[in-house]
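J.: Per numbering that gives the first Met the number 0, numbering of the sequence shown is gapless, rising by one per residue and ending at 316. Positions of the beta carbon are idealized from the N, C-alpha and C atoms, including for glycine. These figures come from a predicted structure and were not determined experimentally.
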Amino acid sequence: MFVPKEQEFPDGNFPTCSYANPEEKNVFDLSIKLADEVGAEVCIANDPDADRTGMMVKHKGEWIYLNGNQIGILLLDYILKNSKNIPKNSAIVSTIVSTPMLDFIAEDNNLKIFRTLTGFKYIGEKIREFEERKYDNNFLFGMEESIGYLKGTYVRDKDGIVGAMLLSEMACYYKSKNISLIEVLENLYNKYGWYSEITYPVKKEGIQGSEDIKNMMKNLREKDLKILLNKKINIVRDYKLQIEKDYINNSENKLDLPVSNVIQYILEDGTYITVRPSGTEPKIKYYIYTKGNSKEEADKKLDLVLNEFKEYMESLK
Numbered sequence: 000m001f002v003p004k005e006q007e008f009p010d011g012n013f014p015t016c017s018y019a020n021p022e023e024k025n026v027f028d029l030s031i032k033l034a035d036e037v038g039a040e041v042c043i044a045n046d047p048d049a050d051r052t053g054m055m056v057k058h059k060g061e062w063i064y065l066n067g068n069q070i071g072i073l074l075l076d077y078i079l080k081n082s083k084n085i086p087k088n089s090a091i092v093s094t095i096v097s098t099p100m101l102d103f104i105a106e107d108n109n110l111k112i113f114r115t116l117t118g119f120k121y122i123g124e125k126i127r128e129f130e131e132r133k134y135d136n137n138f139l140f141g142m143e144e145s146i147g148y149l150k151g152t153y154v155r156d157k158d159g160i161v162g163a164m165l166l167s168e169m170a171c172y173y174k175s176k177n178i179s180l181i182e183v184l185e186n187l188y189n190k191y192g193w194y195s196e197i198t199y200p201v202k203k204e205g206i207q208g209s210e211d212i213k214n215m216m217k218n219l220r221e222k223d224l225k226i227l228l229n230k231k232i233n234i235v236r237d238y239k240l241q242i243e244k245d246y247i248n249n250s251e252n253k254l255d256l257p258v259s260n261v262i263q264y265i266l267e268d269g270t271y272i273t274v275r276p277s278g279t280e281p282k283i284k285y286y287i288y289t290k291g292n293s294k295e296e297a298d299k300k301l302d303l304v305l306n307e308f309k310e311y312m313e314s315l316k
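#1: Shortest alpha-carbon distance to Tyr238 belongs to which of Ile206, Leu227, Thr273, Leu224?
#2: Give, in chain order, every unbroken run of the beta strand (DSSP E) that is at least 3 residues long and sits entirely within the stretch 208-268.
#3: Which residue comes first and which comes last in the alpha helix (DSSP H) that contains Arg114?
#4: Give the secondary structure of Ile283 by DSSP, where H, G and I count as helix, E and B as strand, and everything else as coil.
#5: Rounded to whole angstroms, what is the Cα-Cα separation between Lys282 and Val37?
#6: Between which two residues does the beta strand (DSSP E) carrying Cys42 extend?
#7: What is the rounded straight-line gap between the Cα of Ser145 and the Cα of Asn68?
#8: Using DSSP's beta-bridge definition, name the partner residues of Glu143.
#9: Tell me which residue opens and which closes the alpha helix (DSSP H) that Met0 is part of.
#10: Is the stretch 93-102 close to the stretch 192-210, with three or more CB pairs under 8 angstroms?
#11: Between Leu187 and Ile70, what straight-line distance do the alpha-carbon atoms span, to the nearest angstrom?
#12: Residue range of the alpha helix (DSSP H) that Val304 falls in?
#13: Taking the DSSP output, what are the residues bridged to Thr198?
#14: Mind pulling the beta strand (DSSP E) runs of 3 or more residues that sit fully within the stretch 17-93?
#15: Take every Cβ of the stretch 243-261, pair it with every Cβ of the stretch 290-305, and state whether three or more of those distances are shorter than 8 angstroms.
#16: Cβ atoms of Phe113 and Lys157: under 8 angstroms apart, would you say?
#17: Tell me whether the stretch 115-134 and the stretch 84-96 touch, counting them as touching only if at least three CB pairs, one residue from each stretch, are closer than 8 angstroms.
#18: In the DSSP output, what is Thr273 paired with across the bridge?
#19: What's the gap between the Cα of Ile122 and the Cα of Ile85?
#20: Is the Cβ-Cβ distance between Asn108 and Leu79 less than 8 angstroms?
#21: Name the residue from Lys230, Ile232, Asn252, Lys231 whose alpha carbon lies nearest to the alpha carbon of Leu240.
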């Protein structure tokens, strides 16, 4: 393991990067420079309080940034393939805005998946509920799309130290097999479907902006949509009303989560759209996942869905 000299000792001013967040690619600039000098193929970074973990991988001469969902599915796949004596009734826990691919991996491995609201504290809360036997499940792995991961129950929050350890172990394992992490990721996409994603924040400043956001959510909720962007809606989840409407089975179910002003749509083509106003900033966020048979197809769908949905939401204000 090599550490850039400029970042070897803590400095609360973080002079080596403009924003000390491993979700920003420029955080890795010094690491990549050093990695190229010593011949390393993986760069790992924690944020200042070491609860989140980011990663870049060298593949065919190019440094590739892995987002939180990609790291999460790689770690889950690695854990499932290399752990002995996985407890019966094991469960993975993630958030409602993290990748839908987790559901397919869970189903394929006879695992239960629990979805929580955004915020890793809810994943930690689920661990306690398992221990109190509210559910007959054992915690295996938790993750959120914003580069937070947890293996084991040593802490009840995202753990960047365990995350870095697991990433290092996983990278060494596949290196010993002469397999690139990008190849592993592509194999998972080929098996479960190629996903493209974006979290798109829309700023709405001032009093008028606040009213716009309220109107957008109010009108979206009142429309009670069955078709969105010319696609049939399979499932709608309204976390404020705590109702899930399943249009495939013509059923309505109660959502067992705290009340939150969030609406999620699952379309017939596998597209996920989640709308969530920020609780701390004057913005509304769109979390969008599209699925295709190839990266190119998923990327093309994502561009189309994002542009059409932005336009639709603006019409609601």
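T.: If we stick to the structure as given:
#1: Thr273
#2: 230-237, 242-245, 250-253, 262-266
#3: Run containing Arg114: none in the alpha helix (DSSP H); it sits in the beta strand (DSSP E), 111-115.
#4: strand
#5: 43 angstroms
#6: 41-45
#7: 8 angstroms
#8: Gly147
#9: It is not in any alpha helix (DSSP H) - Met0 carries neither H nor E in the DSSP assignment.
#10: yes
#11: 12 angstroms
#12: 294-313
#13: Tyr286
#14: 41-45, 52-58, 61-65
#15: no
#16: no
#17: yes
#18: Gln263, Tyr286
#19: 19 angstroms
#20: yes
#21: Asn252
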